[in-house]
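Below is one structure, written out as structure tokens; the observations come after it.
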Amino acid sequence: MPVREPNPQILRAGTKRRPAPDRVPDLQARGTPKHLREELVAVLGPGKVLSGVSDLVRYASDASPYRFVPQVVVVAEDIDDVSAVLSYAHGKGREVVFRAAGTSLNGQAQGEDILVDVRRHWAGVEVLDGGARARIRPGTTVVRANAALAPYGRVLGPDPASAIACTIGGVVANNASGMTAGTTRDSYRTLASLTFVLPSGTVVDTADPDADAELARAEPRLCAGLTALKAEIEADPELTARIRAKYAIKNTNGYRLDAFLDGATPVAILRGLMVGSEGTFGFISETVFDTVPLDRRVSTALLFFPSLPAAAAAVPGFTEAGALAVEIMDGNTLRASVSVPGVPADWAELPAGTAALLVEFRAPDEAAQEAYERAAARVMAGLDLVAPVASVRNAFTRDPKTVAGYWRARKAFVTAVGGARPSGTTLITEDFAVPPALLAEACAELLDLQDRHGFDAAVAGHAAHGNLHFLLAFDAGDPGDVERYATFMDEFCKLTVERFDGSLKAEHATGRNIAPFLELEWGPKATALMWRTKEVIDPDGVLAPRIVLDRDPQAHLRGLKTIPTVEPIADPCIECGFCEPTCPSQDLTTTPRQRIVLRREMMRQADGAPVETRLLDSYGYDAVDTCAGDSTCGLACPVGIDTGALMKEFRHERHSPREERIATLAAGNFRAVEASARLAVGAGARLGDGFMESVTGLARKAVRSGLVPEWLPQIPGAAKRRLPRTHRPAAVAVYYPSCVNRIFGNPDGLGGPSLPEAVVALSARAGRPVWIPEDVPGTCCATIWHSKAYERGNEVMANRIVEAAWGWTAGGRLPLVVDASSCTLGIAREVVPYLTDDNRELHAELTVLDSLVWAADELLPRLDVRHRVAAAVVHPTCSMRHLDVEGSLLAVAGACADEVVVPADARCCAFAGDRGMLHPELTASATAREAAEVTARPFDAHLSANRMCEIGMDRATGRTYYSALLELERATRP
């Protein structure tokens, strides 16, 4: 064993805890039972079976208030794997649940036996017929699918608020709709065809002309059963009318019985039944959607009212005027959303009763947009709006940034309100619909019901469609609080059904928490038909038992998860999963949500319990070591939870005092460290990759992989020892070449100037000369220490660079231009918490510019482009996202190339300084999809703006990446 491997038990919480009632029992500390693991490995192979207790726990939670720990997790790679699992389950009498993104709000992505991950290997979009249709695999997020359709002016009909994370398979399986879909643009109405696997293993492609004949041969009993149910329903006029009436408003409670009315054949019936079936009828392996127009001219307003009923009463006017979206938010929602970046701080002072409507019109052209705005003005003239705080405008706008801010506040409803809930409480998200004409009355009744039961819920929803959501927080570990919730649910369901003839689930699907109330809404006859439909399609009950259908009247109270308090930075997490698609380690080890889920399970356990010990044993690598620390999870999280920062805290806790001393010594003597590193890189280039790989490989075994980087063939030669000569008097900016660009040279085979030489030449060419201080060597942005959480070394270098920059820039009078995006982020933001009070004041006076911004804003307008390449592909780094300078990268690349491509699957490369050399498997996993896009066609230039990320992308793609400024220098060279 390596001699410096950290003790995993260092991260034990170390506090006396009362074991939670829903903790994983000690008997499951060893994970999957041996016989089950061995049998599935024999069927599928070892790489597809996850069986450790850490695996089971991280898959046990989704965005719902429920938690069920599976016996085993299978990562299916193709239809053959799915069929094999179903065959095994039939033969062994086991149960199967499919899980994709895990953003479901009612527990339908959880299972108690075999859980099948159908996200990891199931992404892909193929645009068809010029964008009129799209073939989409089930593990593809809605945002990713829409990105592929956008160039064609098309978009998917369903637009759930969780589009950043939810996947197409889940959208279809739950008939999730969103802000604009209503009942006309949802999956049921816009799906052209489906391919799915039935519980028996039979694969059906509804677009195949021979599908019915093949299904009749393979499943005669199924076809006969569906045909008989169709005849029975159509022979009952009262039932037929009731079914049609139920789907006049949004409804995802129970099975789509109208599929029997709309489908003429068994395959057509199954196509309808699969929508909203929540994985209980089969696995959806592929979809083909009819898309809808993407009208790009947008007029949006956020209008404030004195009460929720008053806001609801204004909805019909806007829908009649043609608004595509009319969203409602109550005061609790508005106040909680101040945690969302860009939301006005004074919303926190909004009066309790305040409500707002987010109204949006979308038009294909200017004339239609103006007509909509005139219609909206007529509606507004009759409204009594309020402006209780200074930021309220109560006016329509076309400004994209303002509109985006409004939508961020609305889409953060669940996460922002959930993040503001009392620590230790469980969040329930309810979703119902009433006829839109009754919305105002329903709002008043809902508020009264909440008040009577002591809930101060938050309310929001798709008001145009009579669809409301509300959030309740309670302590799932307190029987009294659970009883209060149960009583409230009983009364709420009766109110919705008996008073309003509404839907108990409008778009979130039945799941576990409305299954006991299915018959209340549908009545005994229709409910019996749903049970019979399940028996016809899944006679052995293999798929997702107790989801949709459950005869237990207390089923919605089973499996409620406690939320133990964890570290403050992560405690607000509601486990929504919005962070997961951006996480570099999502396909290798764990995601930000899973890191928090695992930590919470440790807190559920008694101190020193076997489950806690096992979780800690794997947490070091699975959570801490393979976190890139890029903090893009904080950008994706609507309330900014930065799990990367938490992992850095854990890294700091694992450091030995000796390691901390060495890191501090390195910071204090960085000039020597820098020179030594440059010499080592130069020596490596002379000695050869094979020799260096052997040396570092032996060192990694002797010490540990987390301390000693692996030598990679893509590491370039050393940078020039001397930086370009510049002159201070004429300079309009100070240029700070980052330490990586002082250590590493250009990629092998790339001729021309070094990056520092190129920046100096470009700036002079544009008449904006820069100056490089002579004492730059020996300084650093401190990111080296920050990313590894060496706190004292971070403090030393952070204060040194700020003091130096203050002097270089004449007290902040000149901007500081930095040539690596991660270093720009480090100096501009990340050093601040580690500065002394005096240096924090100095830092506030500095203007730190990324070299991309300098080039795009200051140089490009003054340069003549003389040489352009045909096509360039760019890699926007995570630091660029934090700095919001991706547009500058595109501007520079656009000046150099006729075509600039941003891969749709571009995300953090996870090279993260040297993490890609400490854990090369992390970068390989993080870049796999982007690399596939890049290597699918030739490009003339591969551009980015961070040397280490460029090395990572070199390794991932086999192509040569380099700074966009090098390409700009070549393009403008006389």
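Under this note's numbering, think of the first position of the sequence shown as 1047, with each following residue one higher. Don't be surprised by glycine CBs; every beta carbon is placed ideally from N, CA and C. Computed from a prediction, not measured in an experiment: that's the story for all the values here.
* Asked: Alpha carbon to alpha carbon, how far is Ala-1409 from Tyr-1293?
  -> The sequence position of residue 1409 within the sequence shown is 363, counting from 1. The sequence position of residue 1293 within the sequence shown is 247, counting from 1. Near 28 Å, if we compare the C-alpha coordinates of Tyr-1293 and Ala-1409.
* Please state if the CB of His-1499 and the CB of Thr-1533 are separated by a distance shorter than 9 Å. => Reading the sequence shown from its first residue, position 487 is the one you call residue 1533. Reading the sequence shown from its first residue, position 453 is the one you call residue 1499. The answer is yes: Cβ separation under 9 Å.
* Asked: In terms of alpha-carbon separation, which member of Trp-1854, Glu-1366, Thr-1400, Gly-1363 lies closest to Met-1375?
  -> Along the sequence shown, read from residue 1 onward, the residue named residue 1375 stands at position 329. Comparing Cα positions, the closest option is Thr-1400.
* Asked: With 16 as the cutoff for other CB atoms within 10 Å, does Glu-2015 come out buried or exposed?
  -> Position 969 of the sequence shown, counted from the start, is the residue given in the question as residue 2015. Buried.
* Asked: Just checking, does the segment 1308-1320 make contact with the segment 1144-1157 on the three C-beta pairs under 8 Å criterion?
  -> no
* Asked: If you compare alpha carbons, which of Asp-1960, Ser-1150, Ala-1277 is closest to Arg-1753?
  -> Along the sequence shown, read from residue 1 onward, the residue named residue 1753 stands at position 707. Residue identity check: residue 1753 is Leu in the sequence provided, not Arg. That would be Asp-1960, whose Cα lies nearest to the Cα of Leu-1753.
* **Neighbour-count burial assignment, Met-1047, 16 or more Cβ in a 10 Å radius** => Taking the first residue of the sequence shown as 1, we reach residue 1047 at position 1. Note that Met-1047 has pLDDT 38, beneath the 50 cutoff, so the model's placement of it is unreliable and the number below is only indicative. It is exposed - the Cβ of Met-1047 has fewer than 16 other Cβ atoms within 10 Å.
* Between Leu-1096 and Val-1119, which are expected to be in contact by the criterion C-beta below 8 Å, what is the C-beta distance as a whole number of angstroms? -> Residue numbering aside, residue 1096 sits at position 50 when the sequence shown is read from its first letter. Residue numbering aside, residue 1119 sits at position 73 when the sequence shown is read from its first letter. Rounded, the Cβ-Cβ distance is 4 Å, consistent with contact.
* By DSSP, does Ile-1210 sit in helix, in strand, or in coil? -> Walking along the sequence shown from the start, residue 1210 turns up at place 164. Note: Ile-1210 maps to coil in three-state DSSP.
* What separation, rounded to the nearest whole angstrom, lies between the Cα atoms of Val-1049 and Asp-1159? -> As a working note, residue 1049 is residue 3 in the sequence shown. As a working note, residue 1159 is residue 113 in the sequence shown. Per-residue confidence for Val-1049 stands at a pLDDT of 49, beneath the threshold of 50, marking its modelled position as unreliable; the derived number appears in the next sentence. So the two alpha carbons sit approximately 40 Å from each other.
* Is the beta carbon of Lys-1296 sitting closer than 9 Å to the one on Ser-1233? -> For the purposes of this step, residue 1296 is taken as residue 250 along the sequence shown, with counting starting at 1. For the purposes of this step, residue 1233 is taken as residue 187 along the sequence shown, with counting starting at 1. Against a cut-off of 9 Å, the Cβ pair of Ser-1233 and Lys-1296 comes out as no contact.
* Asked: DSSP puts Gly-1224 in a beta bridge; with which residues?
  -> Against the sequence shown, residue 1224 aligns to sequence position 178. Gly-1224 pairs with Asp-1205.
* To do: Would you give the residue range spanned by the alpha helix (DSSP H) that His-1889 belongs to?
  => Counted from its first residue, the sequence shown places residue 1889 at position 843. Note, His-1889: alpha helix (DSSP H), 1883-1890.
* To do: Grab the span of the alpha helix (DSSP H) containing Asn-1378 for me, first residue to last.
  => Here residue 1378 is taken as the residue at index 332 of the sequence shown, counted from 1. Looking at the DSSP string, the run of the alpha helix (DSSP H) that includes Asn-1378 is 1377-1382.
* **Nearest residue (CA-CA) to Pro-1446, options Thr-1346, Ala-1483, Leu-1484, Lys-1540** => If you number the sequence shown from 1, residue 1446 lands on position 400. Checked all of Thr-1346, Ala-1483, Leu-1484, Lys-1540; the closest Cα to Pro-1446 is Thr-1346.
* Three-way DSSP call (helix, strand, coil) for Met-1047 in this model -> Against the sequence shown, residue 1047 aligns to sequence position 1. With a pLDDT of only 38 at Met-1047, under 50, the local geometry of the prediction cannot be trusted, and the value read off the model is given with reservation. In this structure, Met-1047 counts as coil in the three-state DSSP scheme.
* Rounded to a whole number of angstroms, what is the C-alpha to C-alpha distance between Leu-1550 and His-1515? -> Residue 1550 sits at position 504 when you count from the first residue of the sequence shown. Residue 1515 sits at position 469 when you count from the first residue of the sequence shown. Taking the straight line joining both Cα atoms gives about 11 Å.
* Any idea what DSSP makes of Glu-1265, helix, strand or coil? -> Position 219 of the sequence shown, counted from the start, is the residue given in the question as residue 1265. It is coil, neither helix nor strand.
* To do: Counting only the same chain and skipping the five closest in sequence on each side, list residues whose C-beta sits under 8 Å from that of Pro-1071.
  => Translated into the one-based positions of the sequence shown, residue 1071 becomes position 25. Contacts found: Val-1657.
* Could you work out which residue in Asp-1598, Lys-1062, Phe-1350, Glu-1720 is closest to Cys-1827 when comparing CA atoms only? => As a position in the sequence shown, residue 1827 is number 781, starting the count at 1. Cα-wise, what sits closest to Cys-1827 is Glu-1720.
* Arg-1908 beta carbon less than 9 Å from that of Ala-2017 -> Against the sequence shown, residue 2017 aligns to sequence position 971. Against the sequence shown, residue 1908 aligns to sequence position 862. No, Cβ-Cβ distance for Ala-2017 and Arg-1908 is not below 9 Å.
* To do: Could you pull out every residue in the same chain whose Cβ sits closer than 7 Å to the Cβ of Lys-1062, ignoring the five residues on either side in sequence?
  => Locating residue 1062 in the sequence shown gives position 16, where the first residue counts as 1. Taken in chain order, the residues that qualify are Asp-1653.
* Which runs of the beta strand (DSSP E), 3 residues or longer, sit entirely within the segment 1954-2005? -> 1987-1990
* **Exposure label - Thr-1078; buried when at least 16 CB within 10 Å** => Translated into the one-based positions of the sequence shown, residue 1078 becomes position 32. The residue in question, Thr-1078, is buried, as its Cβ has 16 or more Cβ neighbours within 10 Å.
* So what does Ser-2009 bridge to, in DSSP terms? -> Along the sequence shown, one-based indexing puts residue 2009 at 963. Per DSSP, Ser-1990.
* Asked: Asp-1282 lies in the beta strand (DSSP E); which residues open and close that run?
  -> Stepping through the sequence shown from its first residue, residue 1282 is reached at position 236. Note, Asp-1282: premise wrong, no beta strand (DSSP E); not H, not E.
* **C-alpha distance - Asn-1192 paired with Ser-1100, whole-angstrom precision** => Position 146 of the sequence shown holds residue 1192. Position 54 of the sequence shown holds residue 1100. Cα to Cα, the separation comes out at about 34 Å.
* To do: Would you check if the distance between the CB atom of Val-1778 and the CB atom of Arg-1814 is smaller than 9 Å?
  => Here residue 1778 is taken as the residue at index 732 of the sequence shown, counted from 1. Here residue 1814 is taken as the residue at index 768 of the sequence shown, counted from 1. Yes, these two residues count as a Cβ contact at 9 Å.
* Do you know how far the Cα of Thr-1273 is from the Cα of Thr-1556? -> Stepping through the sequence shown from its first residue, residue 1556 is reached at position 510. Stepping through the sequence shown from its first residue, residue 1273 is reached at position 227. For Thr-1556 and Thr-1273, the distance between alpha carbons rounds to 25 Å.
* Collapsed DSSP secondary structure at Ser-1867 in the structure displayed -> Here residue 1867 corresponds to residue number 821 of the sequence shown, with the count starting at 1. Looking at Ser-1867 - three-state DSSP - the assignment turns out to be helix.
* To do: Could you work out which residue in Arg-1660, Tyr-1301, Leu-1370 is closest to Ile-1560 when comparing CA atoms only?
  => Position 514 of the sequence shown, counted from the first residue, corresponds to residue 1560. Residue Tyr-1301 is the option with its Cα nearest to Ile-1560.
* the segment 1573-1583 / the segment 1486-1506 touching (three or more Cβ pairs under 8 Å) -> no
* Asked: Which class does Leu-1929 belong to by DSSP, given the choice of helix, strand or coil?
  -> For the purposes of this step, residue 1929 is taken as residue 883 along the sequence shown, with counting starting at 1. Leu-1929 falls in the helix class under three-state DSSP.
* Is there contact between the segment 1170-1182 and the segment 1194-1210, where contact requires at least three CB pairs shorter than 8 Å? -> yes
* Contact set for Glu-1803: own chain, Cβ-Cβ below 7 Å, skip 5 residues either direction -> By one-based count along the sequence shown, residue 1803 stands at place 757. Hits under 7 Å: Pro-1770.
* Same chain only: Cβ atoms within 6 Å of Ala-1731, ignoring 5 sequence neighbours per side -> Taking the first residue of the sequence shown as 1, we reach residue 1731 at position 685. Closer than 6 Å at Cβ, skipping near neighbours: Gly-1763.
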